[in-house]
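Each remark here refers to the structure printed beneath this line.
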Amino acid sequence: MGKIKCIGILTSGGDAPGMNAAIRAVTRSAIFNGLKVKGIYRGYKGLVTNEIVEFKSQNVSNIIQQGGTILKTARCKEFTTPEGRKAAYENMKAQEIDALIVIGGDGSLTGARIFAEEYDVPCIGLPGTIDNDLYGTDTTIGYDTALNTIMECIDKIRDTATSHERLFFVEVMGRDAGFLALNGAIASGAEAAIIPEFETEVDQLEEFIKNGFRKSKNSSIVLVAESELTGGAMHYAERVKNEYPQYDVRVTILGHLQRGGSPTAHDRILASRLGAASIEALMEGQRNVMIGIHHDNIVYVPFSKAIKNDKPIDRDLVNVLRELSI
Ligand code: F6P
8 MGKIKCIGIL
18 TSGGDAPGMN
28 AAIRAVTRSA
38 IFNGLKVKGI
48 YRGYKGLVTN
58 EIVEFKSQNV
68 SNIIQQGGTI
78 LKTARCKEFT
88 TPEGRKAAYE
98 NMKAQEIDAL
108 IVIGGDGSLT
118 GARIFAEEYD
128 VPCIGLPGTI
138 DNDLYGTDTT
148 IGYDTALNTI
158 MECIDKIRDT
168 ATSHERLFFV
178 EVMGRDAGFL
188 ALNGAIASGA
198 EAAIIPEFET
208 EVDQLEEFIK
218 NGFRKSKNSS
228 IVLVAESELT
238 GGAMHYAERV
248 KNEYPQYDVR
258 VTILGHLQRG
268 GSPTAHDRIL
278 ASRLGAASIE
288 ALMEGQRNVM
298 IGIHHDNIVY
308 VPFSKAIKND
318 KPIDRDLVNV
328 LRELSI
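Under this note's numbering, think of the first position of the sequence shown as 8, with each following residue one higher.
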């Protein structure tokens, strides 16, 4: 692979607030460093179908504050096949794109890793997901905004929960990770969080009830991470109805509103730093790494590590939630 003159940028998988700030940072940083930029629409799909447009600095004006992604996103089946990736490579060559910047979660970075290995294409990943489930980075683009959205929603739910003295199960996203549920619970002063990471260790509902959650309170809010492991909020509400019928239970599923909205300052700054660092990394000769942040420093995490390892939940956070919910 010769000198990199032109980069392609795409967003893939579930959108996350701050993706636009990342697109802006990558584009402007690349242009600042003398590179050409091509925006690839609808994730890997646009690479397969050649939906590719040259980006100038103005293409990314006035987007830092917008949620979603101006490049659109998709989960692309074709790219999981060798034929799809071949078509993608041919389009990339025809468009004279020398390297790819992929913004997305673990599925998107898995795609980048396979493509990079198969065609010797330099790929750099940026962690863009509200789930915060990528190993090697303390946080991901979109996570902070989603957490703030959850907190604002729960502040509202608390009003009605208190008035009616009810027990609420609030389901939050996260796929198979409990970061949004656990930190959302701490931020909103909820009584507990049920997360997939502990599902096989203890009966989290029983533990919550046994801890005497109604000792000093008439209403309670429990965040439940969506996951096949937890079974979601409905599952726990059903259990309470059957096993503890004395409680008046309600369920709220926050759903996709957690993915929308203007990114917080934290996510805009994170996306800007990671975006600029992705160009620096490429120019330094880095390949096939995700740009992450650890202890406020930029780090390069090989795709294989970022995708394959489970990011651990901090047990101290679980203890803080437990202590503060008495
Ligand atoms: O990965 C982000 C995420 O929002 C997960 O939390 C959730 O499980 C999933 O995407 C939902 O995907 P979709 O928007 O395709 O329903």
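Positions of the beta carbon are idealized from the N, C-alpha and C atoms, including for glycine.
Three-state secondary structure (DSSP) of residue i
i	result
K334	Outside the displayed range of the chain (8 to 333) lies residue 334, so it cannot be described from this structure.
S227	strand
Y251	coil
F220	coil
E124	helix
G53	helix
I202	coil
G91	helix
I71	coil
I286	helix
I320	coil
A184	coil
Y243	helix
G191	helix
K100	helix
S269	coil
V209	coil
S332	coil
K84	coil
D162	helix
A28	helix
A37	helix
A119	helix
R275	helix
T237	coil
For residue i, the residue or residues it bridges with in DSSP
i	result
K43	C13
Y307	I298
E178	V231, I260
C130	L107
E61	K45
Y18	Note that residue 18 is Thr in the sequence shown here, rather than Tyr. Answer is I110.
I148	G135
Rounded Cβ spacing between residue i and residue j (contact assumed at less than 8 Å)
i	j	result
E61	K43	7 Å
A23	G185	About 18 Å separates the two Cβ atoms, so there is no contact after all.
I305	R280	7 Å
E235	I320	No, E235 and I320 are not in contact; Cβ-Cβ is about 18 Å, not under 8 Å.
F310	A119	6 Å
G112	G181	Actually they do not touch by this definition, with Cβ atoms about 11 Å apart.
V33	I286	6 Å
I104	I131	The pair is not a contact, with the Cβ atoms about 13 Å apart (cut-off 8 Å).
Y254	L174	5 Å
L54	N98	6 Å
L277	I148	6 Å
I157	G196	Contact flag wrong, Cβ pair sits at about 12 Å.
Y243	I201	6 Å
D127	I300	Rounded, the Cβ-Cβ distance is 28 Å, inconsistent with contact.
Reference residue i, options the options, closest by Cα
i	options	result
C13	M26, R92, T88, K100	K100
I333	S68, I193, Y51	I193
I16	Q73, P129, G74, V179	P129
L189	N249, G118, A232	A232
R165	K52, M26, K315, K224	K224
T169	E178, E214, D210, S227	S227
V177	H302, K217, G262	G262
K315	G143, L187, L264, Y51	G143
E124	D151, L154, K93, T152	K93
M26	I110, T237, G292	I110
T88	D151, F122, E245	F122
I216	A199, E206, K84, E208	A199
S269	I59, G41, Q72, N66	Q72
E159	L264, G75, Q65	L264
G41	I77, S64, R257, Q211	S64
Status (buried if at least 16 other CB within 10 Å, exposed otherwise) for residue i
i	result
Y48	buried
A240	buried
F39	exposed
A29	buried
Y251	exposed
S36	buried
D138	buried
R31	buried
R266	buried
V229	buried
G282	buried
L116	buried
A284	buried
E271	Reading off the sequence, residue 271 comes out as Thr, not Glu. That one is buried.
S68	exposed
L331	exposed
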